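In the numbering used here, the protein residues as written are -7 to 187. Below is one structure; the comments refer to it alone.
Shown next as structure tokens:
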């Protein structure tokens, strides 16, 4: 018999009246026992949900560790481009492409680093699920900006090295590859329930 049932019913009843709004002497042990079971269930469910949410949050931050070096490298490359000796010789159109590439790259860097900074500043998180949803949106928009920046960088570099036709063609192929791997394939996997 649980220890709670062995306790004096009058002591238990007073605490149950506060928590349940009922608690007759004859039922106090049963009500307390049910409350204990529910509390233990709620605790184990909450612990499981917390571990699952922590895992999701850990996965999310791990994904950022993959994306951030890419955008950092691209941004570092783009910062040096205007200081190259031949930069002043490129056409005005290519300077506009460079500007767009640079802005998309910096925007991506800001968006992809935001969840890590926000996570650090908001610790301990009050609502992990909501944070995960907001951070996921920032990551998706940041990845989209990174994709545009990568395509524009390919176009910029190959146009400078070869010509406009080759630069645009390879950039278009890269855009198709990114769209296929980042958008189409994951949706296909989900549709087929493969992952």
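Think of the CB as a built atom: it goes at the ideal place given N, C-alpha and C, for glycine as much as any other residue. Model, not experiment: these values are computed from the prediction.
{"Check": "Let me make sure I understand the geometry here. Which of 92, 116, 79 has the alpha-carbon closest to that of residue 139?", "Outcome": "92"}
{"Check": "Note down the Cα distance separating residue 181 from residue 170, rounded to an integer number of angstroms.", "Outcome": "16 Å"}
{"Check": "On the criterion of 16 or more Cβ atoms from any shown chain inside 10 Å, does residue 159 qualify as buried, or is it exposed?", "Outcome": "buried"}
{"Check": "Terminal residues of the continuous alpha helix (DSSP H) containing residue 80?", "Outcome": "First-last for residue 80: undefined, no H or E at that position."}
{"Check": "Could you pull out every residue in the same chain whose Cβ sits closer than 6 Å to the Cβ of residue 134, ignoring the five residues on either side in sequence?", "Outcome": "100, 103, 104"}
{"Check": "Is it buried or exposed for residue 42, if we count other Cβ within 10 angstroms and need 16 for buried?", "Outcome": "Note that residue 42 has pLDDT 47, beneath the 50 cutoff, so the model's placement of it is unreliable and the number below is only indicative. Exposed is the call here."}
{"Check": "Going along the chain, which residues of its own chain have a beta-carbon closer than 6 Å to the beta-carbon of residue 106, five neighbours each way excluded?", "Outcome": "130"}
{"Check": "Less than 8 Å between the C-beta atoms of residue 141 and residue 79, yes or no?", "Outcome": "no"}
{"Check": "Roughly how many angstroms lie between the CA atoms of residue 175 and residue 165, to the nearest whole one?", "Outcome": "15 Å"}
{"Check": "For the alpha helix (DSSP H) containing residue 210, list its first residue and its last residue.", "Outcome": "Past the edges of the chain, shown from -7 to 187, lies residue 210, and the structure says nothing about it."}
{"Check": "Alpha helix (DSSP H) containing residue 180: first to last residue?", "Outcome": "177 to 184"}
{"Check": "Under 7 Å Cβ to Cβ from residue 48, same chain only, skipping five residues before and after it: list those, please.", "Outcome": "124"}
{"Check": "Sorted by chain position, which residues of the same chain lie with C-beta nearer than 6 Å to residue -1's C-beta, five sequence neighbours on each side aside?", "Outcome": "Its pLDDT being 40, under 50, residue -1 is placed unreliably in this model, and the value from its coordinates should be taken loosely. Cβ neighbours of residue -1 beyond the five flanking positions: none."}
{"Check": "I believe residue 111 touches residue 53 by the beta-carbon criterion, under 8 Å. Please report the beta-carbon distance rounded to the nearest angstrom.", "Outcome": "7 Å"}
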